[in-house]
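In this note's numbering, the protein residues as written are 2 to 196.
Glycine is no exception: its CB is placed at the ideal position from the N, C-alpha and C atoms.
On a predicted model such as this, the values are computed, not experimentally measured, just so you know.
Structural data, given as structure tokens:
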């Protein structure tokens, strides 16, 4: 039996106390997932609040086929992916003409990075991945979900999850090995050329 079953019933009856309880039980995890998918604290906070508003609006559509936590995870991922897509569409107009990346994947050797620098470095690398690859990587490596749980959350076959995860890891390794070119670059030019 799902430990959140009574909570879900209350949400479906639109009881505000149950919304507060849902936030107390799941708010930190939703916030952390939003942070990992979106990468910006302010955006993550806004997204987490929006998740709980959507939860309250859509509680009636929860049919119990999955655990409530899986359904909430899926709601969170979908909302974050929607925000990322909107942001991507806004950024398309501001991309450099030569198609290069506007990031610095690491000027300091990883072994000398502080914890904060390492987190920033990881966020930069994750930002270079496609939404599909970033999502499976975050859900598996940072959220600790099983392949089955990721497949359920994203409504994908388990094999697709595993292949996306393998590709995401390959891309992350490739990106982390890149270094800015040693030659000087004009101000405002991309640090890396895309292959």
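{"Query": "Since residue 42 is in the alpha helix (DSSP H), which residue starts that stretch and which ends it?", "Result": "42-59"}
{"Query": "Rounded to a whole number of angstroms, what is the C-alpha to C-alpha distance between residue 26 and residue 32?", "Result": "12 Å"}
{"Query": "Tell me the DSSP secondary structure of residue 156 in three-state form.", "Result": "coil"}
{"Query": "Rounded to the nearest angstrom, what separates residue 16 and residue 62 at their Cα positions?", "Result": "16 Å"}
{"Query": "Rounded to the nearest angstrom, what separates residue 9 and residue 77 at their Cα positions?", "Result": "16 Å"}
{"Query": "For residue 112, which residues from the same chain have a beta carbon less than 6 Å from its beta carbon, with the 5 sequence-adjacent residues on both sides left out?", "Result": "Bear in mind that a pLDDT of 45 at residue 112, under 50, signals an unreliable position, so the number given afterwards is only what the model happens to contain. Within the same chain, residue 112 has no close Cβ partners at all."}
{"Query": "Please list, in chain order, all residues of the same chain as residue 85 whose beta carbon is under 6 Å from its beta carbon, the five residues on each side excluded.", "Result": "132"}
{"Query": "Using only the alpha-carbon positions, how far apart do residue 152 and residue 173 sit?", "Result": "21 Å"}
{"Query": "Under DSSP, the alpha helix (DSSP H) around residue 137 begins and ends at which residues?", "Result": "132-138"}
{"Query": "Relative to the C-alpha of residue 42, which candidate in 11, 121, 158 and 13 has its C-alpha closest?", "Result": "121"}
{"Query": "State the DSSP-derived secondary structure class of residue 87, mapped to helix, strand or coil.", "Result": "helix"}
{"Query": "Helix or strand or just coil, what does DSSP make of residue 147?", "Result": "coil"}
{"Query": "Classify residue 271 as buried or exposed, calling it buried when 16 or more other Cβ atoms lie within 10 Å of its own Cβ.", "Result": "Only positions 2 to 196 of the chain appear in this structure, which leaves residue 271 out of reach."}
{"Query": "Should residue 83 go down as buried or exposed, given a rule of 16 or more other Cβ atoms within 10 Å for buried?", "Result": "exposed"}
{"Query": "What three-state label does DSSP hand residue 179 in the structure shown?", "Result": "coil"}
{"Query": "What's the C-alpha gap between residue 149 and residue 30?", "Result": "19 Å"}
{"Query": "Could you tell me if residue 175 is buried or exposed, where buried requires 16 or more neighbouring beta carbons within 10 angstroms of its beta carbon?", "Result": "exposed"}
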